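Chemist:
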Amino acid sequence: ANTLLSGLGFESGGLAAAHAVHNGLTALPQSHHFMHGEKVNFGTLTQFALEDRTTREFNEFVSFCMSVGLPTTFADLDLGTVGKEELEAVAKAATAPGETIHNMPFAVTPEMVVDAMVAADSYARAYQQAPRVRRADAAPEPLGVRRPAGARPADRGRAAAAPARGRDQPGRPGRARRNAHDTREAH
3 ANTLLSGLGF ESGGLAAAHA VHNGLTALPQ SHHFMHGEKV NFGTLTQFAL EDRTTREFNE
63 FVSFCMSVGL PTTFADLDLG TVGKEELEAV AKAATAPGET IHNMPFAVTP EMVVDAMVAA
123 DSYARAYQQA PRVRRADAAP EPLGVRRPAG ARPADRGRAA AAPARGRDQP GRPGRARRNA
183 HDTREAH
């Protein structure tokens, strides 16, 4: 599964935030015994949060990861007791000059990475604990992650008439704050 996900991620240009988060996670000694692909897997969830992916995409990915035993939460990576300072160290390393996270179609700050990692962990925990039959299109309740006021999803090739998805929709995965100078958001 790790090799498959690594290959698919590489071939589809998924080198941006996912691999940068892996690199950031190496700053934490408790993550050293995990394989590269396991840390990139959590980085992929983090990238999903940065990109404001749909609930369905989160659910499909988390469901698949759980079915093959890939980590989706801090606890799965032995980081269940990680503190804010440690997350900030990961985020700082992930956003260092030259990191692949700068290939994202918008500017990414360390604060955004911390927010996205926390959102990814929260979402995956909610999904794992949801007391229902898992379906890819069903969201876990409650999610508890909301978009900051005024934040909008990035334009990822959607038609101009497409409605913007918002955090006010129940069960939506989280979205990290955008840099105030980011002008590439959909209008």
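Sequential numbering from 3 applies to the sequence shown in the working numbering. We treat Cβ as the ideally placed atom computed from N, Cα and C, and that holds for glycine. Because the structure is a prediction, the values reported are computed rather than measured.
Classify GLY45 as helix, strand or coil using the three-state DSSP reduction.
Modeler: Looking up residue 45 in the sequence shown gives position 43. GLY45: helix per DSSP, three-state reduction.
Chemist: Tell me the rounded alpha-carbon separation between PRO107 and GLU53.
Modeler: As a first step, residue 107 must be located in the sequence shown, where it is residue number 105. As a first step, residue 53 must be located in the sequence shown, where it is residue number 51. Near 9 Å, if we compare the C-alpha coordinates of GLU53 and PRO107.
Chemist: Let me confirm a value: VAL64 is counted as buried when at least 16 other C-beta atoms fall within 10 Å, else exposed. Which label applies?
Modeler: Translated into positions along the sequence shown, residue 64 becomes position 62. By the 10 Å Cβ count, VAL64 comes out buried.
Chemist: For PRO57, report the span of its alpha helix (DSSP H) as first-last.
Modeler: As a working mapping, residue 57 is identified with position 55 in the sequence shown. According to the sequence shown, residue 57 is Thr rather than Pro. Counting along the chain, the alpha helix (DSSP H) containing THR57 begins and ends at 57 to 70.
Chemist: ALA93 to ARG127, Cα distance in whole Å?
Modeler: Your numbering for residue 93 matches position 91 in the sequence shown. Your numbering for residue 127 matches position 125 in the sequence shown. In a straight line, the C-alpha of ALA93 is about 21 Å away from that of ARG127.
Chemist: Around the C-beta of GLY45, are 16 or more other C-beta atoms found within 10 angstroms, so that it is buried, or is it exposed?
Modeler: As a first step, residue 45 is located in the sequence shown; it is residue number 43 there, counting from the start. Looking at its Cβ environment, which holds 16 or more other Cβ atoms inside 10 Å, GLY45 is buried.
Chemist: Taking the CB atoms as reference points, tell me whether MET37 and GLN130 lie closer together than 9 Å.
Modeler: Taking the sequence shown and counting its residues from 1, the one referred to as residue 37 is at position 35. Taking the sequence shown and counting its residues from 1, the one referred to as residue 130 is at position 128. No, Cβ-Cβ distance for MET37 and GLN130 is not below 9 Å.
Chemist: Three or more C-beta pairs under 8 Å: does that hold for the region 20 to 40 against the region 78 to 98?
Modeler: Output reads yes: the region 78 to 98 touches the region 20 to 40.
Chemist: With H, G and I counted as helix, E and B as strand and the rest as coil, what does DSSP make of PHE36?
Modeler: As a working mapping, residue 36 is identified with position 34 in the sequence shown. The answer is coil: DSSP assigns PHE36 none of H, G, I, E or B.
Chemist: Can you tell me the Cβ-Cβ gap for THR48 and VAL115, rounded? I've got them flagged as a contact below 8 Å.
Modeler: For the purposes of this step, residue 48 is taken as residue 46 along the sequence shown, with counting starting at 1. For the purposes of this step, residue 115 is taken as residue 113 along the sequence shown, with counting starting at 1. Going by Cβ atoms, the distance from THR48 to VAL115 rounds to 7 Å, so yes, they are a contact pair.
Chemist: Please report how far the alpha carbon of ARG58 lies from the alpha carbon of PRO133, in whole angstroms.
Modeler: On the sequence shown, residue 58 is found 56 positions in, with the first residue counted as 1. On the sequence shown, residue 133 is found 131 positions in, with the first residue counted as 1. Distance between the alpha carbons of ARG58 and PRO133: 18 Å.
Chemist: Since THR75 contacts ALA18 with CB under 8 Å, what's their CB separation in whole angstroms?
Modeler: Taking the sequence shown and counting its residues from 1, the one referred to as residue 75 is at position 73. Taking the sequence shown and counting its residues from 1, the one referred to as residue 18 is at position 16. No, THR75 and ALA18 are not in contact; Cβ-Cβ is about 22 Å, not under 8 Å.
Chemist: Are the beta-carbon atoms of LEU30 and GLU88 separated by less than 9 Å?
Modeler: Within the sequence shown, the letter at position 28 stands for residue 30. Within the sequence shown, the letter at position 86 stands for residue 88. A contact, by the Cβ cut-off of 9 Å.
Chemist: Roughly how many angstroms separate the alpha carbons of LEU81 and HIS34, rounded to a whole number?
Modeler: Counted from its first residue, the sequence shown places residue 81 at position 79. Counted from its first residue, the sequence shown places residue 34 at position 32. The straight-line gap from Cα to Cα measures roughly 11 Å.
Chemist: Select from PHE60, VAL70 and GLY26 the residue whose C-alpha is nearest the C-alpha of ALA121.
Modeler: As a position in the sequence shown, residue 121 is number 119, starting the count at 1. For the residues PHE60, VAL70 and GLY26, the minimum Cα distance to ALA121 belongs to PHE60.
Chemist: Buried or exposed, going by whether 16 or more other CB atoms sit within 10 Å of the CB of VAL70?
Modeler: Walking along the sequence shown from the start, residue 70 turns up at place 68. So VAL70 counts as exposed.
Chemist: Take the Cβ of PRO99 as the centre, count every other Cβ of all protein chains shown within 10 Å, and call the residue buried at 16 or more, exposed below.
Modeler: Looking up residue 99 in the sequence shown gives position 97. By the neighbour-count rule (16 or more Cβ atoms within 10 Å), PRO99 is not buried but exposed.
Chemist: I'd like to check one pair, LEU79 with GLN32: are the Cβ atoms closer than 9 Å?
Modeler: Locating residue 32 in the sequence shown gives position 30, where the first residue counts as 1. Locating residue 79 in the sequence shown gives position 77, where the first residue counts as 1. Contact flag set, yes.
Chemist: How would you write the range of the alpha helix (DSSP H) that PRO112 sits in, first residue to last?
Modeler: Here residue 112 is taken as the residue at index 110 of the sequence shown, counted from 1. It spans 112 to 131 - the alpha helix (DSSP H) in which PRO112 sits, taken as one unbroken run.
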